[in-house]
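Chemist: First residue of the sequence shown? That's 1 in UniProt numbering, and the numbers climb one at a time after it. Here's a structure for you.
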Amino acid sequence: MPGRTVAKLATVSAVIAASVLAVAPSAHADLVTHCIGTGGAVTVPNDLLVPAGESCALTGTTITGNVTVAAGGNLVVTGGRVSGEVRVAADGYLDATETTVDGQVVLAAGGYGIFLKDARTGTLTVRPKGSTTIDSFLFAEASTVTGHVNVGAGEVRLDRGTQVRNLSSTGTYYTDVHDSFVDGTLSVLNSATGSVVCGSAVQGRATFAGNLGGVQLGPNGTLDSCASGGYWGGDVSVTSTTGGVTVDDNIINGQLAVTSNDPAAQVAANNRIRGGVTGDQAAATTNRSARVAAPDREDAGDERAEVRRTSAVQEATEAGAARL
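So this is what it looks like as structure tokens:
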């Protein structure tokens, strides 16, 4: 995680001082449960609100309505269920572990972030940053998104068996997919530090365009270290990319198009590409053992080393604890 995110975690010192589940009527006379503090294995028979700047930690709680995390609020849910949707406002944070959200999850512009572990949600949306100063994050580990994932800002990492319908990313800091499954299409556009896809399967068409920091599909690239390539069920297109493109140890059940990349893409001889390769590519190295593996990202000294110095899982879990 970049230093700016680590620094923010270090400065968060809010503490949950009491266990409070207070009920208050909304403007429409519907009951809304206000959560400030902690809650256990109870059923909330209405909507739930985490007020602005407050923190709420729930364990085994069932919420029959919708959830709203107001500006600057923090919600940590473990072993819970939300029958409706979850909406997180600017500078808000959602941490869901072993939790099911039947509806959609939406992080507003300038939202602090979302961390999912062994969770299940509907459509997941991270709004574009806009004029806000906060750069969001979305980390998902061993989670399932039954709908689409649409991300317009921040750091994105799907990891350790995460499954999504489609993934569409535009204007993020980076978008990486490790050991995960995309049942439909994958699109990564205009990422500031590029995209890495390793050990994953993408059933539909994959499009990478306008990424400034490079694109790495498989191991032996310059952006990150990983063990294996991936499976691509359709065509793969990598265009208008700066910072380098490497395609290594992949099975592509379609065509690979690599055009207008600077420098030209490096497509290793160990790829199995059913539809062939079109566009400009650098000379492939036929002897894989002679290939130079990517340096340890920490030793590389670039910002992306900071991003993955420790696992996204550990950092996001600590984020939940720190923000409380």
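The beta carbon of each residue, even a glycine, is placed where N, CA and C say it ideally should be. Just so you know, these numbers come straight off a predicted model, no measurement behind them.
(1) Let me check understanding here. Comparing Cα to Cα, which of 80, 49, 45 lies closest to residue 58?
(2) To the nearest whole angstrom, what separates the beta carbons of residue 182 and residue 164, a pair I think is in contact under 8 Å?
(3) Does DSSP classify residue 34 as helix, strand or coil?
(4) Taking the beta strand (DSSP E) that residue 170 falls in, what are its first and last residues?
(5) Of all the beta strand (DSSP E) runs that stay within the bounds of the stretch 178-245, which reach a length of 3 or more residues?
(6) Taking only the alpha-carbon atoms, compute the straight-line gap between residue 131 and residue 272 and give it to the nearest angstrom.
(7) Would you call residue 241 buried or exposed, if buried means 16 or more other Cβ atoms sit within 10 Å of its Cβ?
(8) When DSSP labels each residue in this structure, what does residue 361 get in the three-state scheme?
(9) Give the secondary structure of residue 93 by DSSP, where H, G and I count as helix, E and B as strand, and everything else as coil.
(10) Which residue marks the beginning of the beta strand (DSSP E) containing residue 55, and which one marks its end?
(11) Just how far apart, CA to CA, sit residue 230 and residue 161?
(12) In terms of alpha-carbon separation, which member of 166, 157, 142, 158 lies closest to residue 150?
(13) Relative to the C-alpha of residue 171, which candidate in 84, 109, 255 has its C-alpha closest?
(14) As a quick exercise: from 61, 136, 264, 180, pick the residue whose alpha carbon is nearest that of residue 43.
(15) Quick check on residue 73: does DSSP put it in helix, strand or coil?
(16) Could you check where the beta strand (DSSP E) with residue 257 kicks off and where it finishes?
(17) Helix, strand or coil for residue 289? Go by DSSP, reduced to three states.
(18) Could you tell me the alpha carbon to alpha carbon distance between residue 200 and residue 142, rounded to whole angstroms?
(19) Give the single residue among 210, 209, 211, 228 whose Cα lies nearest to the Cα of residue 217.
(20) Report all residues from its chain with a CB closer than 7 Å to the CB of residue 118; omit the five preceding and five following residues, and keep chain order.
(21) Closest to residue 194 by CA distance: which of 278, 206, 174 is it?
(22) Exposed or buried, which one is residue 274 when buried takes at least 16 other CB atoms within 10 Å?
(23) Would you call residue 220 buried or exposed, if buried means 16 or more other Cβ atoms sit within 10 Å of its Cβ?
(24) Going by the DSSP bridge assignment, what does residue 157 pair with across the sheet?
(25) What's the gap between the Cα of residue 101 and the Cα of residue 88?
(26) Using beta-carbon positions only, say whether residue 235 and residue 254 come within less than 8 Å of one another.
(27) Taking buried to mean at least 16 other C-beta atoms within 10 Å of its own C-beta, is residue 31 buried or exposed?
(28) Can you check which of these residues, 157, 39, 178, is closest to residue 169 by C-alpha distance?
(29) Per the DSSP calculation, residue 117 is bridged to which residue(s)?
(30) Excluding the 5 residues preceding and the 5 following residue 207 in the sequence, name in chain order all residues of the same chain whose CB lies nearer than 6 Å to its CB.
(31) Decide if residue 260 is buried, meaning its Cβ has at least 16 other Cβ atoms within 10 Å, or exposed.
(32) Please report the distance separating the alpha-carbon of residue 154 from that of residue 133.
(33) Would you report the Cα separation of residue 282 and residue 184, rounded to the nearest angstrom?
(34) Could you give the distance in angstroms between the alpha-carbon of residue 191 and the alpha-carbon of residue 48?
Modeler: Working from what's here:
(1) Cα-wise, what sits closest to residue 58 is 80.
(2) The distance from the Cβ of residue 182 to that of residue 164 is about 6 Å, consistent with a contact at the 8 Å cut-off.
(3) The answer is strand: DSSP assigns residue 34 an E or B state.
(4) First-last of the beta strand (DSSP E) with residue 170: 167-170.
(5) DSSP runs (the beta strand (DSSP E)) wholly in the stretch 178-245: 186-189, 195-198, 206-209, 215-217, 236-239.
(6) One alpha carbon belongs to residue 131, the other to residue 272, and they sit about 44 Å apart.
(7) Residue environment for residue 241: buried (at least 16 other C-beta atoms within 10 angstroms of its C-beta).
(8) Only positions 1 to 324 of the chain appear in this structure, which leaves residue 361 out of reach.
(9) Of the three classes helix, strand and coil, the one that applies to residue 93 here is strand, per DSSP.
(10) First-last of the beta strand (DSSP E) with residue 55: 55-59.
(11) So the alpha carbons of these two residues sit roughly 13 Å apart.
(12) Nearest C-alpha to residue 150: 166.
(13) Ranking 84, 109, 255 by CA distance to the CA of residue 171 puts 109 first.
(14) Distance from the Cα of residue 43 is smallest, within the candidate group 61, 136, 264, 180, for 61.
(15) Reduced to three states, the DSSP call for residue 73 is coil.
(16) Note, residue 257: beta strand (DSSP E), 256-259.
(17) At residue 289 the pLDDT is 31, less than 50, meaning the model places this residue with poor confidence and gives no usable figure here.
(18) Their Cα atoms are separated by approximately 13 Å.
(19) Considering only 210, 209, 211, 228, the residue with the shortest C-alpha distance to residue 217 is 228.
(20) The answer, listed in chain order, is 97, 98, 142, 143.
(21) Nearest option by C-alpha distance: 174.
(22) Exposed.
(23) Result: buried.
(24) Paired residue(s): 139, 176.
(25) Distance between the alpha carbons of residue 101 and residue 88: 13 Å.
(26) In this structure, residue 235 places its C-beta atom within 8 Å of the C-beta atom of residue 254.
(27) So residue 31 counts as exposed.
(28) Ranked by how close their Cα comes to the Cα of residue 169, the residues 157, 39, 178 have 157 in first place.
(29) According to DSSP, residue 117 bridges with 97, 141.
(30) The residues are 187, 237.
(31) It counts as exposed.
(32) C-alpha separation (whole angstroms): 11 Å.
(33) So the alpha carbons of these two residues sit roughly 30 Å apart.
(34) Approximately 35 Å between the Cα atoms of the pair.
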